[in-house]
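Count along the sequence shown from 1, add 71, and you get the number used in our numbering. Backbone N, C-alpha and C define an ideal beta-carbon position, used for all residues, glycine too. For clarity, every value in this text was computed on a predicted model and none was experimentally measured. I have placed the structure first, in the form of structure tokens, so that the comments after it can refer back to it.
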Amino acid sequence: MLTKPEYIQLKAYARLHGTIMGLLWIAGFACFVGSISEPVLSFFFNFTIIFIPFLAASFVRYYRDRVLGGMLSFRRAYCYSLLIFFYATLLLAIAQWAYFEFLDQGRMLGSMTRMISTPEFAPVLEAYKVSKEEVLAQLNILSETRPIDFAFTFMWMNIFFGVILSWFIALFTKRSVARTGKQ
């Protein structure tokens with residue numbers, strides 16, 4: 072069981088690490104938005120998606136080794152990792168809401184509509200056995216979605232993945248005995 076000072080310390084470090092991870096997520100989201108007009112940015116977006124769990128694990132290891140002296144229970148590692156994902160998700164949700172509310176003005180869906188209408192996209196539609204009209208109808212429905220709904224949808228999805236990833240991160244970063252020597 073955590074004492075009150077330990078819990079305050081855990082939350083403070085989780086906020087710090089969650090802020091760093093949230094800023095990286097925001098940069099990844101910016102790359103995703105930019106990849107619609109500059110496809111090379113999709114590489115950086117994909118890199119951030121792959122890098123995030125490793126970054127979270129390194130933050131948990133930092134907390135274990137530098138703050139707690141090398142010992143960390145599974146439960147505390149899980150809680151810490153979960154809080155990191157939670158704080159990062161809050162930052163990302165605010166950034167996504169602000170983007171869709173103030174900056175996008177329908178550009179993303181407009182770009183997707185133009186892309187679907189090109190002859191080069193026809194084989195993709197054929198491969199998925201879907202008509203252009205069906206996809207355009209779905210994009211039309213998406214255009215009526217409020218920015219806050221987009222942000223909440225992505226927020227809950229990120230929290231869900233954070234819950235799952237935190238379990239694995241805690242499993243690999245817990246340590247019941249402090250290692251001696253170099254850390």
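Over what stretch of residues does the alpha helix (DSSP H) that includes residue i continue unbroken?
i: residue 104; result: 75-105
i: residue 191; result: Run containing residue 191: none; DSSP gives neither H nor E here.
Name the residue from the options whose alpha carbon lies nearest to the alpha carbon of residue i.
i: residue 155; options: 141, 171, 137 and 126; result: 126
i: residue 188; options: 99, 179 and 204; result: 204
i: residue 100; options: 190, 131, 222 and 75; result: 222
i: residue 145; options: 175, 97, 202 and 241; result: 241
i: residue 250; options: 219, 190, 196 and 139; result: 139
i: residue 150; options: 217, 200, 86 and 224; result: 86
i: residue 172; options: 106, 192 and 218; result: 218
i: residue 176; options: 89, 104 and 84; result: 104
i: residue 94; options: 226, 115, 162 and 157; result: 162
i: residue 152; options: 202, 237, 206 and 247; result: 237
So, helix, strand or coil for residue i, using DSSP?
i: residue 246; result: strand
i: residue 112; result: helix
i: residue 143; result: strand
i: residue 233; result: helix
i: residue 217; result: coil
i: residue 182; result: helix
i: residue 199; result: coil
i: residue 226; result: helix
i: residue 176; result: coil
i: residue 241; result: helix
i: residue 72; result: coil
What is the C-beta distance between residue i and residue j, in whole angstroms, given that I count them as a contact (C-beta under 8 Å)?
i: residue 143; j: residue 245; result: 6 Å
i: residue 229; j: residue 119; result: Not quite, the Cβ-Cβ distance comes to about 12 Å (not below 8 Å), so this is no contact.
i: residue 89; j: residue 158; result: 3 Å
i: residue 102; j: residue 122; result: 12 Å between Cβ atoms; not a contact.
i: residue 147; j: residue 141; result: Actually they are not in contact, since the Cβ atoms of residue 147 and residue 141 sit about 13 Å apart, beyond 8 Å.
Any contact of the stretch 127-134 with the stretch 170-185, i.e. 3+ C-beta pairs under 8 Å?
Between the stretch 127-134 and the stretch 170-185 there are fewer than three inter-stretch CB-CB distances shorter than 8 Å, so the stretches are not counted as touching.
* Cβ contact (3+ pairs, closer than 8 Å) linking the stretch 189-198 and the stretch 160-169 -> No: the two stretches stay apart, fewer than three of their Cβ pairs being nearer than 8 Å.
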